[in-house]
Each structure stands twice: as structure tokens, then as C-alpha cells.
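**Student:** Please read through the structure below; I'll follow up with questions.
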Amino acid sequence: MKKFLIAGNWKMNKLASEALDFCKELAAQNLTNAKDVAVLVPFTDLKETKEGLAGSGIGFGAQNVHFEESGAFTGEVSVPMLKEIGVDYCVVGHSERREYFAETDETVNKKLIALLNAGITPILCVGESLEVREQGGEQTFVAGQILADFAGIPASEAAKIVVAYEPIWAIGTGKTATPEQAEEMCAFIRGVLSGNYDNATGDSILILYGGSMKPSNAKELLEKPDINGGLIGGASLKIDDFTAIANAAAELG
Ligand code: 13P
32 MKKFLIAGNW KMNKLASEAL DFCKELAAQN LTNAKDVAVL VPFTDLKETK
82 EGLAGSGIGF GAQNVHFEES GAFTGEVSVP MLKEIGVDYC VVGHSERREY
132 FAETDETVNK KLIALLNAGI TPILCVGESL EVREQGGEQT FVAGQILADF
182 AGIPASEAAK IVVAYEPIWA IGTGKTATPE QAEEMCAFIR GVLSGNYDNA
232 TGDSILILYG GSMKPSNAKE LLEKPDINGG LIGGASLKID DFTAIANAAA
282 ELG
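Below, the structure is given as C-alpha cells:
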């Protein structure tokens, strides 16, 4: 049976008070697949998110982290800080961080290793720009990101990383990749991972699709064989939409 993860990336949205209300409401939905659902929230919302979700089985996490344990890094948050709060997940290498905050494959790799060492599940984002796709270079580009980001990580640890394929041209644009485009790249990523490690590792890694996923297109994306779920931005901010996407996965699971 295919494994799923439906993860909402709130980005820079929701005050802590709003997070508490939202998470209580989400917990009250009694999702049948609660353990396959998570929300990824601003640092300031983590405590209220945990409180609101308590006992629901729904996971939660952060959207970024620093790779050093502590030190003179003004404005940053470390893995032990996240660990103490009890996060399940942390997003790494989102295209918005790569574009606006100088995230590189090298820092992504260090963050993945730091999170794995602490037992926090990383959600690694990869994906090409429109320019790269129009030139037909999307597979080369994404394979390059995957190989650089997983560098030096052994198979036993690599299997714990969740990969999210998020084509930049589909993020927040309302322009979803077709299920065929999304499946093609997710299958390609699985092949790259199988080649780099082995088939068992490639098969066990969860690969999500992200980019304008919403209730109206979730089912057709989620039923593709190499798509294990979604990383959802805009639609994760609304209880009804997020719940509908989680339910679509539950029906396929
Ligand atoms: P949207 O669902 O708003 O397109 O965002 C996708 C995304 O970037 C999730 O990380």
C-alpha cells in the first residue's frame, strides 16, 4: 500500500493565536489519516500549534533551521531548539529560501544532516524554474539538486528524508503541474535516488508534489504511483480545503 504525507506549509502566515484556533479546529476534524497529516508553521507558532494539535496524531514542524547547534548567528534557530519543542518535521531548501535567503545545496545538505542526527524528519524541497523547464533542462537541474543535497548521507538515513518536488512555476501561481508532469518528475527523482543508493531506498522515500495543489486537483495528483502526498501552501491555510485534501489521500490510502 502506498504511503502518504499531506503537509501544509503556512509560509509567513498566521499569528500564534490564529495557529491555536486553526489547530484545535483541525484536530476536531478527527481525520482518519491524522498520522499522515502535518502542518509546517512559523517559529512563533510552534508552541500554540503543538497545543492545538495535542492528542490528534497530526504532526507539526518548522519551515527552516540553522545547521549549527548554537553560537553567534543572530536571528537563527537551531536544531536543538526545535527538538526541545518536539517538532516532527522541518522543511529544508524551499525555493523561496533558495531565491530570497541565499540557501544553497551546501547549506541544505548541512541542515539535512543536522536534522537527521536529531531524529527530526526533513522535508527537502527541489524544483526547477520556468526558464529551466522551457529549455528542457528540468531533469538535469533537479537531479543535480538531489545529488548535492543528499551528498554524504548514507542509505539508512536517506530513507528518512521526505522529498517535495515543487516546480517554481507552479508555486502560488494557480498553475498546477499536470498530474503527468508531476508524476514524470517524481518517478525520475525516485530513479535518481534508487541509482544513488538502491531500489529499496528509492522505493521507501516519500516523494510529495507541491505547487497550487487544491481540493479540485488533489485526487488526480495523489493517485499517481510515485506521488506520496502533497506540500500545500495557500490551500493549507483554510480548514475546509486542507481537510478535503487530507481526505482525498485517506480515500486512496
Ligand atoms: P502553493 O500551494 O500556494 O502553490 O505553495 C506551494 C508551496 O510552495 C508549498 O511549499
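Per this note's numbering, the sequence shown starts with residue 32, numbered consecutively. Glycine is no exception: its CB is placed at the ideal position from the N, C-alpha and C atoms.
1) As a quick exercise: from His97, Ser101 and Ile151, pick the residue whose alpha carbon is nearest that of Asp119.
2) Within this structure, are the beta carbons of Val110 and Val123 separated by less than 8 Å?
3) Which of the three DSSP states, helix, strand or coil, is assigned to Gly158?
4) So is Glu214 buried or exposed if we call it buried at 16+ other beta carbons inside 10 Å?
5) Does the Cβ of Asn40 lie closer than 7 Å to at least one heavy atom of ligand 1?
6) Under the three-state reduction of DSSP, which class applies to Tyr196: helix, strand or coil?
7) So Val193 packs on Leu155, CB below 8 Å; how close in whole Å?
8) Roughly how many angstroms separate the alpha carbons of Ala190 and Gly222, rounded to a whole number?
9) With a threshold of 7 Å, establish whether the CB of Gly260 neighbours any heavy atom of ligand 1.
10) For the putative contact between Gly83 and Leu51, defined by C-beta atoms under 8 Å, what is the C-beta separation to the nearest angstrom?
11) Spatial neighbours of Thr135 within its chain, please: CB distance less than 8 Å, with the 5 preceding and 5 following residues excluded, ordered by chain position.
12) Below 7 Å, is the gap between the Cβ of Ser160 and the nearest heavy atom of ligand 3?
13) Confirm, please, whether the CB-CB distance from Thr80 to Cys54 is below 8 Å.
14) Any idea if Phe273 is buried or exposed, counting beta-carbon neighbours within 10 angstroms, 16 or more meaning buried?
15) Considering only the beta carbon of each residue, do Glu197 and Ser126 sit closer than 8 Å?
16) Gly242: which of Gly264, Glu165 and Ala69 sits nearest, CA to CA?
17) Between Ile177 and the rest of its own chain, which residues show a CB-CB distance below 8 Å, the 5 nearest in sequence each way excluded?
18) Taking just the CA atoms, how far does Asp229 sit from Ser18?
19) Which word fits Glu56, buried or exposed, when buried means at least 16 other C-beta atoms lie within 10 angstroms of its C-beta?
20) May I ask you to report which of helix, strand or coil DSSP gives Phe219?
21) Would you decide whether Asn259 is buried or exposed? Buried here means 16 or more other CB atoms lie within 10 Å of its CB.
22) Rounded to whole angstroms, what's the CA-CA distance from Ser235 to Phe181? Just pull it up for me.
23) Check for me: the beta strand (DSSP E) holding Tyr240 runs from which residue to which?
24) Is Ile192 near ligand 1 - that is, is its Cβ less than 7 Å away from at least one heavy atom of it?
25) Report, in whole angstroms, the separation of the C-beta atoms of Val70 and Gly39, which I expect to be a contact under 8 Å.
26) Short check: CB of Ala280 to CB of Phe35, under 8 Å?
27) Report all residues from its chain with a CB closer than 6 Å to the CB of Lys255; omit the five preceding and five following residues, and keep chain order.
**Tutor:** Taking the structure as given:
1) Within the sequence shown, residue 119 is the residue found at index 88, counting from 1. Selected option, being the one with the closest Cα: Ile151.
2) Within the sequence shown, the letter at position 79 stands for residue 110. Within the sequence shown, the letter at position 92 stands for residue 123. Taking a C-beta distance under 8 Å as the contact criterion, Val110 and Val123 do not qualify as a contact pair.
3) What you label residue 158 is simply residue 127 of the sequence shown in a count that begins at 1. It is coil, neither helix nor strand.
4) In the sequence shown, residue 214 corresponds to position 183, counting from 1. By the 10 Å Cβ count, Glu214 comes out buried.
5) To locate residue 40, count along the sequence shown from 1; it is residue 9. Asn40 has its Cβ nearer than 7 Å to a heavy atom of ligand 1.
6) Translated into the one-based positions of the sequence shown, residue 196 becomes position 165. It is a strand residue.
7) As a first step, residue 193 is located in the sequence shown; it is residue number 162 there, counting from the start. As a first step, residue 155 is located in the sequence shown; it is residue number 124 there, counting from the start. Between Val193 and Leu155 the beta-carbon gap is near 7 Å, inside 8 Å, which marks them as a contact.
8) Start at 1 with the first residue of the sequence shown, and residue 190 comes out as number 159. Start at 1 with the first residue of the sequence shown, and residue 222 comes out as number 191. The alpha-carbon atoms of Ala190 and Gly222 are separated by roughly 14 Å.
9) Walking along the sequence shown from the start, residue 260 turns up at place 229. No; taking the cut-off as 7 Å, the Cβ of Gly260 has no heavy atom of ligand 1 nearer than that.
10) Locating residue 83 in the sequence shown gives position 52, where the first residue counts as 1. Locating residue 51 in the sequence shown gives position 20, where the first residue counts as 1. Correct: roughly 5 Å between the Cβ atoms.
11) Start at 1 with the first residue of the sequence shown, and residue 135 comes out as number 104. Cβ neighbours of Thr135 beyond the five flanking positions: Arg129.
12) Looking at this structure, you won't find ligand 3 anywhere; what it does contain is ligand 1.
13) Counting from 1 along the sequence shown, the entry for residue 54 is found at position 23. Counting from 1 along the sequence shown, the entry for residue 80 is found at position 49. Result yes, Cβ atoms of Cys54 and Thr80 sit closer than 8 Å.
14) Position 242 of the sequence shown holds residue 273. With 16 or more Cβ atoms within 10 Å of its Cβ, Phe273 is classed as buried.
15) Mapped onto the sequence shown, residue 197 falls at position 166. Mapped onto the sequence shown, residue 126 falls at position 95. When the beta-carbon positions are compared, Glu197 and Ser126 come within less than 8 Å of each other.
16) The sequence position of residue 242 within the sequence shown is 211, counting from 1. Relative to Gly242, the option among Gly264, Glu165 and Ala69 whose CA is nearest is Gly264.
17) By one-based count along the sequence shown, residue 177 stands at place 146. Once the five neighbours on either side are set aside, the close Cβ partners of Ile177 are Val157, Val194, Ile220, Val223, Leu224 and Asn227.
18) In the structure displayed, the chain extends from 32 to 284; residue 18 sits before or after that span and is not available.
19) In the sequence shown, the residue the question calls residue 56 occupies position 25. So Glu56 counts as exposed.
20) For this step, residue 219 is matched to residue 188 along the sequence shown. If DSSP states are grouped into helix, strand and coil, Phe219 belongs with the helices.
21) Looking up residue 259 in the sequence shown gives position 228. Buried, by the Cβ-count rule.
22) Within the sequence shown, the letter at position 204 stands for residue 235. Within the sequence shown, the letter at position 150 stands for residue 181. Distance between the alpha carbons of Ser235 and Phe181 is about 15 Å.
23) Locating residue 240 in the sequence shown gives position 209, where the first residue counts as 1. For Tyr240, the enclosing beta strand (DSSP E) has its first and last residue at Ile238 to Gly241.
24) Here the question's residue 192 lines up with position 161 in the sequence shown. Flag unset: Cβ of Ile192 not near ligand 1.
25) The residue you call residue 70 lines up with position 39 of the sequence shown. The residue you call residue 39 lines up with position 8 of the sequence shown. Confirmed, Cβ separation roughly 5 Å.
26) To locate residue 280, count along the sequence shown from 1; it is residue 249. To locate residue 35, count along the sequence shown from 1; it is residue 4. Yes, the Cβ-Cβ distance between Ala280 and Phe35 is below 8 Å.
27) Stepping through the sequence shown from its first residue, residue 255 is reached at position 224. Result list for Lys255: Pro210 and Glu214, in chain order.
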